[in-house]
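Heads up: the structure comes next, in C-alpha cells.
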Amino acid sequence: MSATHTHAFLSHQNSALHRLAPQVKLVACIWFVLAVVATRREALAFLAIDAMLVGITALAGGLSLGFLARRLTLGLPFILFAFLLPFLGGGPQIEVGGMTISEPGLWAAWNIVAKATLGLGVVVVMAATTPPPDVLAGLERLRFPHFATATAGFMLRYLDLIVDDFRRIRIAMASRGYRGRWFGSAFALASSAGTVFIRCYERGERVHQAMVARGYVGNMPIPAHPSPSRQQLMTACGLPTLATGLAALSWLIK
Amino acid sequence: MHIPDGFINGITSLGAGAGALGALNACLRRLPRIDPLVPLTGLAGAFIFAFQMLNFPVAAGTSGHLVGAALAAILLGPARAVVTLSLVTLLQALVLADGGISALGLNVLNLGVVAPLAGGATYQVVVYSFPRRRASVASAAVVAGLVSVLAAAMALVAEYALGGNHAVPVRTVLTAMVGAHVVVGLAEGLITSAVVATVLRVRPDLVRGARGLAPVTQTGGRPTWGITVAGVLGAAVLLALLLPRSSADPDAFTSVATDQGLVTTAPAADSPVAERNASRKASTSSTIVAGVLGTMLVFGAGTGLFTALRRVGNR
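What follows is the structure, given as C-alpha cells:
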C-alpha cells in the first residue's frame with residue numbers, strides 16, 4: 002500500500018503519446034484489445050507482431066521496455082490460473098519436458114497468457130501516458146454519463162487520502178503491539194475500516210457543504226481539452242487498424 | 223479476482239457487458255437526483271477502493287483481499303452499491319490495469335452488479351427473518367458477505383460454462399471455485415460484519431440497511447411473508463434451471479462416497495427421489511421434484527431451528 006497508488010502507473014513526461022487527446026487514446030486502446038482478442042490463438046507470428054506494436058507504442062510514449070515489463074509482472078497473479086490449465090485439462094495429452102500435459106489445456110493457457118499480456122500492455126501504456134483525471138475527461142468526451150465521471154473523479158481524488166488514513170491507523174496499531182498474523186486479528190483491522198468509513202462519509206458531507214458554499218448546483222466543471230486534430234486521429238488509429246488487419250489475416254490464412 | 227483478456231469469448235463478454243449496463247442503468251434510475259449523491263458516493267467508492275487494497279492475514283504469512291460488495295450494499299443500499307462498485311471496477315481496469323479491457327463487461331457484471339445485489343438481497347432476507355433489532359444486523363452481514371462472494375464466483379463459473387475454452391471441465395472449475403470461495407467468503411462475511419458493527423456503534427444513521435430496526439432488544443416484528451415466499455420460489459426456480467444441467471453425473475460428494483464404498487444401500491426404488499441416485503440418466507422432472515423437495519426440507523428445518531432459537535432468546 003503506497004500513498005501514491007493511483008499514480009503509480011503514470012510516467013511524467015511529454016511525448017506525442019502524452020499529448021494525444023485522452024478520448025482518442027481510450028478508443029484506440031479498447032479497439033486494439035478487441036482486435037487482439039479476436040486474433041486466432043494459433044497465429045503465433047501475428048500475436049508476436051502485436052506484441053512488437055505494443056513495444057513500439059511504449060517507446061513512442063517515452064517508456065522504456067523495462068518499465069513495461071515491470072508493470073506487466075503486476076498482472077501475473079491474475080493469469081496464474083492459466084498455468085494450471087495444461088495440468089488440469091482433458092483431451093489429447095502431449096509430452097513436454099518429461100511431463101504429460103493436456104494439449105487443449107496448453108492452448109487455452111497460451112490464449113489467456115498471450116492476450117491478457119497484450120491487453121495489459123496496451124492499458125499500461127495508456128495509463129502511463131494519461132493522468133487519471135484525463136482518463137475521466139476522455140470518458141466524458143465519449144458521452145459517458147456525467148454522474149458517473151463526476152463520482153469516479155471523487156473516488157480518484159480522495160483515494161490517496163483514504164489509503165493514507167488506513168496506513169496511519171496501521172502504523173498506530175503496529176506501534177501499540179499489533180502484529181496481525183492470524184485471522185482473529187483481522188477483526189482489529191475490520192473495526193479500523195469501520196472508523197475509516199465513518200471518516201470518509203463525514204468528509205464527504207463536509208466536502209459537499211464546501212462545494213455548495215462555492216456555488217455547486219450538481220455539475221462539476223469539465224476540464225477543457227482541444228478536439229483531436231486529423232493527424233492525431235490518424236496516428237492513434239494506426240495501431241488498432243494494424244491489429245485488426247492482423248486479426249482478419251489470422252483467420253484468412255490458416 | 224478480475225478476469226483477464228482471452229479467458230471468456232467475445233459474445234459472452236458482450237452479453238455480460240450489455241447485462242451490466244442494463245442493471246447499472248436501472249440502479250442509476252433508482253437513485254435520488256439530489257446532489258449530495260456525487261461527493262458522498264465518490265467518497266464511499268474511494269473507501270471501497272481502498273478497502274479492496276487492504277490485505278488481511280488469513281494464516282501464517284498468507285493474506286487475502288476483500289471485495290466489499292456486501293459491505294457497500296449494507297451501508298449504502300443495493301442501488302448505490304451497484305453504481306459504486308461498478309465504477310470502482312471500471313477505474314481499476316482503466317487506471318490500474320486490473321482485469322482485461324475486453325472482459326470489462328464480465329468484471330463489472332460479477333463484481334459490480336451480481337456481488338452487491340446478491341449480498342444486499344441476502345442481507346434483507348436474513349435481517350427480516352430475524353427479530354427486527356440491530357443485533358440481527360451482524361449475523362445477516364456474515365451471511366451476506368459469504369453469499370456475495372459465492373455469487374460472484376458462481377457468475378464467473380456460469381460465464382466460463384457459456385463462453386470459456388473448455389479445456390478444464392466446467393464441473394472441475396465449479397468445484398474448485400466453490401471450495402476456494404466458501405473460505406474466502408466466510409472471511410469476507412466476518413470482516414463485513416465487524417465493519418458494519420463498528421459503524422453501527424458510532425454512527426448508526428450511516429448504516430442504510432439498519433434503518434427502521436429497533437436499537438434495543440425487543441420482541442421481533444411480524445414475519446415478512448412476501449420475502450419468504452419470494453425466496454422459496456426463487457430457490458425453486460434456480461433449482462429447476464440449474465439441476466437438470468448439473469445432475470448428468472453424480473456430484474463430487476456422491477461419487478467420492480460411492481468410490482469409497484460409503485454408500486451401499488440404494489434408496490427405495492418406488493419414490494421419485496430415488497432416480498437421482500439410482501440412475502445417472504435421471505429424468506429432468508424427477509430431478510426437479512427431488513430438488514424442490516430438498517429445498518422445502520431445508521427451508522422447513524431452517525425455519526424450525528430459527529423459531530426454536532427465537533423462543534429461547536425471548537425467554
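Chains as they are written, first to last, in the working numbering: chain A, 2 to 255; chain B, 223 to 537.
Ideal Cβ placement from N, Cα and C applies to all residues, glycine included.
Predicted model only: the values in this text are computed from it and were never measured.
Could you give the residue range of the beta strand (DSSP E) that holds glutamate 43 of chain A?
Sequence index remark: in the first sequence, residue 43 of chain A carries index 42 (1-based). Neither: glutamate 43 of chain A is in no beta strand (DSSP E) and is coded neither H nor E.
In chain order, what residues of the same chain have a beta carbon less than 8 Å from the beta carbon of lysine 26 of chain A, not counting five sequence neighbours either side?
In the first sequence, counting from the first residue as 1, residue 26 of chain A sits at position 25. Only Leu18, Met127, Thr130, Thr131, Gly139 and Ala237 meet the Cβ criterion.
Taking leucine 243 of chain B as the query, report the chain A residues whose CB atoms sit under 8 Å from its CB, ordered along the chain.
To locate residue 243 of chain B, count along the second sequence from 1; it is residue 21. Residues of chain A whose Cβ lies closer than 8 Å to the Cβ of leucine 243 of chain B do not exist, since the nearest Cβ in that chain is about 11 Å away.
Answer with yes or no whether the minimum CB distance from phenylalanine 229 of chain B to chain A is below 9 Å.
As a position in the second sequence, residue 229 of chain B is number 7, starting the count at 1. Interface residue, yes.
Name the DSSP beta bridge partners of methionine 100 of chain A, please?
Working through the first sequence from its first residue, we reach residue 100 of chain A at position 99. By DSSP's assignment, methionine 100 of chain A forms a beta bridge with A:Val97.
Bridge-paired residues (DSSP) for glycine 386 of chain B
On the second sequence, position 164 is the one that residue 386 of chain B refers to. Per DSSP, B:Ile230.
Where do the N-terminal and C-terminal ends of the alpha helix (DSSP H) with proline 134 of chain A fall, by residue?
As a working note, residue 134 of chain A is residue 133 in the first sequence. Residue range 133–142 is occupied by the alpha helix (DSSP H) that includes proline 134 of chain A.
What do you reckon, are the CB atoms on glycine 63 of chain A and glutamine 14 of chain A nearer than 9 Å?
The residue labelled residue 63 of chain A in the question sits at position 62 within the first sequence. The residue labelled residue 14 of chain A in the question sits at position 13 within the first sequence. Their beta carbons are under 9 Å apart, which means glycine 63 of chain A touches glutamine 14 of chain A by this criterion.
Suppose contacts are defined by Cβ-Cβ distances below 9 Å. Is valine 260 of chain B in contact with threonine 152 of chain A by that definition?
The residue you call residue 260 of chain B lines up with position 38 of the second sequence. The residue you call residue 152 of chain A lines up with position 151 of the first sequence. Result yes, Cβ atoms of valine 260 of chain B and threonine 152 of chain A sit closer than 9 Å.
Which residues in the same chain have their Cβ closer than 6 Å to the Cβ of glycine 453 of chain B, if we skip the five residues on either side of it in sequence?
Working through the second sequence from its first residue, we reach residue 453 of chain B at position 231. So the list reads Val347, once near-sequence residues are dropped.
By a C-beta neighbour count over all protein chains shown, 10 Å radius and 16 as the cutoff for buried, is asparagine 247 of chain B buried or exposed?
Within the second sequence, the letter at position 25 stands for residue 247 of chain B. An exposed status is given to asparagine 247 of chain B, since fewer than 16 other beta-carbon atoms sit within 10 Å of its beta-carbon.
Decide if alanine 340 of chain B is buried, meaning its Cβ has at least 16 other Cβ atoms within 10 Å, or exposed.
Along the second sequence, one-based indexing puts residue 340 of chain B at 118. Alanine 340 of chain B is classed as buried because its beta carbon has at least 16 other beta carbons within 10 Å across all chains shown.
Given this structure, state the Cα-to-Cα distance separating leucine 247 of chain A from valine 55 of chain A, to the nearest angstrom.
To locate residue 247 of chain A, count along the first sequence from 1; it is residue 246. To locate residue 55 of chain A, count along the first sequence from 1; it is residue 54. For leucine 247 of chain A and valine 55 of chain A, the distance between alpha carbons rounds to 14 Å.
Return the chain-ordered ranges of every alpha helix (DSSP H) run that is complete within the segment 301–372 of chain B and spans a minimum of 4 residues.
Listed in chain order, the complete alpha helix (DSSP H) runs (minimum 4 residues) inside the segment 301–372 of chain B are 326–329 and 337–351.
For isoleucine 233 of chain B, count the other beta carbons within 10 Å of its own beta carbon; 16 or more makes it buried, fewer makes it exposed. Which is it?
In the second sequence, residue 233 of chain B corresponds to position 11, counting from 1. Counting Cβ neighbours within 10 Å, isoleucine 233 of chain B comes out exposed, since fewer than 16 surround it.
Output yes if chain A places a C-beta closer than 9 Å to the C-beta of arginine 252 of chain B; else output no.
What you label residue 252 of chain B is simply residue 30 of the second sequence in a count that begins at 1. Closer than 9 Å: no.
Buried or exposed: where does phenylalanine 148 of chain A fall if 16 or more other Cβ atoms within 10 Å of its Cβ makes it buried?
On the first sequence, position 147 is the one that residue 148 of chain A refers to. A residue is called buried once 16 or more other Cβ atoms fall within 10 Å of its Cβ, and phenylalanine 148 of chain A is buried on that count.
Which residue from B:Leu309, B:Ser308, B:Ser235 and B:Ile270 puts its Cα closest to that of leucine 297 of chain B?
By one-based count along the second sequence, residue 297 of chain B stands at place 75. The candidate whose alpha carbon is nearest that of leucine 297 of chain B is B:Ile270.
DSSP three-state assignment for lysine 255 of chain A, whether helix, strand or coil:
As a working mapping, residue 255 of chain A is identified with position 254 in the first sequence. DSSP places lysine 255 of chain A in coil when its eight states are reduced to three.
With 16 as the cutoff for other CB atoms within 10 Å, does phenylalanine 273 of chain B come out buried or exposed?
If you number the second sequence from 1, residue 273 of chain B lands on position 51. That one is buried.
Ordered list of beta strand (DSSP E) runs contained in the segment 242–275 of chain B, each at least 3 residues:
Qualifying beta strand (DSSP E) stretches: none in this window.
Just checking my contact of valine 359 of chain B with glycine 431 of chain B at CB under 8 Å: how many whole Å lie between their CB atoms?
If you number the second sequence from 1, residue 359 of chain B lands on position 137. If you number the second sequence from 1, residue 431 of chain B lands on position 209. That pair is a contact at about 7 Å.
Anything in chain B within Cβ reach of asparagine 112 of chain A, meaning under 7 Å, just list it in chain order.
Working through the first sequence from its first residue, we reach residue 112 of chain A at position 111. Going along chain B in sequence order, the residues near asparagine 112 of chain A (Cβ under 7 Å) are Gly228 and Asn387.
Quick check on DSSP: helix, strand or coil for alanine 22 of chain A?
Looking up residue 22 of chain A in the first sequence gives position 21. Assignment of alanine 22 of chain A by DSSP, reduced to helix, strand and coil, places it in the coil class.
Going along chain A in order, which residues have a C-beta closer than 9 Å to the C-beta of threonine 420 of chain B?
On the second sequence, position 198 is the one that residue 420 of chain B refers to. Among the residues of chain A, those whose CB is under 9 Å from the CB of threonine 420 of chain B are Ala191, Ser192, Ser193, Ala194, Gly195, Thr196, Phe198 and Ile199, following chain order.
If I'm right that alanine 69 of chain A touches glycine 122 of chain A with Cβ under 8 Å, what's the distance once you round it to whole angstroms?
Indexing the first sequence from 1 puts residue 69 of chain A at position 68. Indexing the first sequence from 1 puts residue 122 of chain A at position 121. Looking at the sequence shown, residue 69 of chain A is not alanine but leucine. Confirmed, about 6 Å.
What in chain B is Cβ-close to lysine 255 of chain A, meaning under 7 Å?
Along the first sequence, read from residue 1 onward, the residue named residue 255 of chain A stands at position 254. Near lysine 255 of chain A there are no residues of chain B at all, since even the closest Cβ is about 18 Å away, more than 7 Å.
Kindly list, in the order they appear in chain B, the residues whose Cβ is closer than 7 Å to that of isoleucine 163 of chain A.
Position 162 of the first sequence, counting from 1, holds the residue named residue 163 of chain A. Correct list: Ala268, Phe269 and Ala272.
Rounded to whole angstroms, what is the Cα-Cα separation between valine 365 of chain B and isoleucine 95 of chain A?
Indexing the second sequence from 1 puts residue 365 of chain B at position 143. Indexing the first sequence from 1 puts residue 95 of chain A at position 94. When rounded, the distance between both Cα atoms is 45 Å.
Is the separation between the beta-carbon of valine 310 of chain B and that of glycine 334 of chain B shorter than 9 Å?
The count along the second sequence starts at 1 and reaches residue 310 of chain B at position 88. The count along the second sequence starts at 1 and reaches residue 334 of chain B at position 112. Result yes, Cβ atoms of valine 310 of chain B and glycine 334 of chain B sit closer than 9 Å.
For glycine 239 of chain B and proline 391 of chain B, I'd like the C-alpha separation in whole angstroms.
Here residue 239 of chain B refers to the residue found at position 17 of the second sequence. Here residue 391 of chain B refers to the residue found at position 169 of the second sequence. Within the model, the alpha-carbon separation for glycine 239 of chain B versus proline 391 of chain B is close to 25 Å.
Nearest chain B C-beta to tryptophan 1 of chain A closer than 9 Å, yes or no?
Within the shown structure, residues of chain A are numbered from 2 to 255, placing residue 1 of chain A beyond reach of any answer.
Taking Cβ positions, are leucine 313 of chain B and valine 418 of chain B nearer each other than 9 Å?
Sequence index remark: in the second sequence, residue 313 of chain B carries index 91 (1-based). Sequence index remark: in the second sequence, residue 418 of chain B carries index 196 (1-based). The answer is no: Cβ separation not under 9 Å.
Considering Cα atoms alone, identify which of B:Leu368, B:Ala303, B:Leu253 and B:Ser308 is closest to valine 400 of chain B.
By one-based count along the second sequence, residue 400 of chain B stands at place 178. The residue among B:Leu368, B:Ala303, B:Leu253 and B:Ser308 with its C-alpha nearest the C-alpha of valine 400 of chain B is B:Leu368.
Give a yes or no on whether the minimum CB-CB distance between proline 300 of chain B and chain A is below 9 Å.
By one-based count along the second sequence, residue 300 of chain B stands at place 78. It does not; no Cβ of chain A falls within 9 Å.
For threonine 150 of chain A, collect the residues of the same chain with a Cβ closer than 7 Å to its Cβ; drop the 5 residues on either side in sequence, then sort them by chain order.
For the purposes of this step, residue 150 of chain A is taken as residue 149 along the first sequence, with counting starting at 1. Same-chain partners within the cutoff: Leu137, Leu140 and Glu141.
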